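J.:
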Amino acid sequence: MPVMTQAPNPTREALILAAAEEIDTAGFDGTNTNAIARRAGFAPQTFYRHFKDKLAIFIAVYERWTDNELGVITGAGSAEALVRTTLAHHAATRQFRRALRSLTVSDPEVAAARAASRSRQLEAVRQRVPAFAARSPAAQIAVLFTFERLCDAVVEGEFERLGVEAEAVVQELVALAEGFGGDQEATL
Numbered sequence: 002m003p004v005m006t007q008a009p010n011p012t013r014e015a016l017i018l019a020a021a022e023e024i025d026t027a028g029f030d031g032t033n034t035n036a037i038a039r040r041a042g043f044a045p046q047t048f049y050r051h052f053k054d055k056l057a058i059f060i061a062v063y064e065r066w067t068d069n070e071l072g073v074i075t076g077a078g079s080a081e082a083l084v085r086t087t088l089a090h091h092a093a094t095r096q097f098r099r100a101l102r103s104l105t106v107s108d109p110e111v112a113a114a115r116a117a118s119r120s121r122q123l124e125a126v127r128q129r130v131p132a133f134a135a136r137s138p139a140a141q142i143a144v145l146f147t148f149e150r151l152c153d154a155v156v157e158g159e160f161e162r163l164g165v166e167a168e169a170v171v172q173e174l175v176a177l178a179e180g181f182g183g184d185q186e187a188t189l
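Mapping of the sequence shown onto the numbering used here: residues 2 to 189, in sequence order.
1. Considering only C-alpha positions, which residue in the set Asp54, His90, Gln128 is nearest to Thr75?
2. Using the Cα positions of Val175 and Glu81, report the straight-line distance between them to the nearest angstrom.
3. Using the C-alpha atoms, what's the distance from Ala117 back to Thr147?
4. Tell me the rounded alpha-carbon separation between Ser107 and Phe29.
5. So what does DSSP say about Asp108, is it helix, strand or coil?
6. So, do the region 60-73 and the region 16-27 have three or more beta carbon pairs nearer to each other than 8 Å?
7. Applying the criterion that 16 or more other CB atoms from any shown protein chain within 10 Å of the CB defines a buried residue, is Gln46 buried or exposed?
8. Residues in its own chain within less than 8 Å of Tyr49 by CB, not counting five upstream and five downstream?
9. Near Arg39, which residues of its chain fall below 6 Å by C-beta distance, leaving aside the five closest residues on each side in sequence?
10. Can you tell me which of the three DSSP states Glu173 falls into?
11. Beta-carbon separation of Leu145 and Arg119 under 8 Å?
12. Grab me the residues of Leu104's own chain with a C-beta within less than 6 Å of its C-beta, minus the 5 sequence neighbours each way, in chain order.
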């Protein structure tokens, strides 16, 4: 018998999209559930029929963000495409990424969601790059954290404030992505 999957709830989906837009505009601390509901075109009480609180919808937005990021990982045709698409994804969601970094440190639920997301990202890279899977878990995680942090630093302009052009860092990120397997032969 075929497995039946439940269709996404359009109201919930609209709230998630509105929350993503609201967080990207005002930041996590700069928004509230009423603003999210209004942006989605609903009365404020509609929000609470689908989410417990602002943190719950933030995690739902993050799960959606992770799905998009996994599409980047699996869809990139080359290391350079992976880097440039990841940078574009991070740039498009800069405020969200800032909130994510902050909440990961301060909130155990977000920290757990981020750990689950990173596990999914690691698995996607393992599937894509067998040599990456052969590396130790510590090495895999170190590469993921390095790549993630450097992408955020490029998007935030940290390198340029130190006099290093972003394009030079992009090329370093490409080299890092090409070496995900631990050598230059194991590329995406």
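Ideal Cβ positions, reconstructed from N, Cα and C, are used throughout, including at glycine.
None of the values given here were measured: they were computed from a predicted structure.
T.: Let's see:
1. Gln128
2. 5 Å
3. 18 Å
4. 13 Å
5. coil
6. yes
7. exposed
8. Thr34
9. none
10. helix
11. yes
12. Val111
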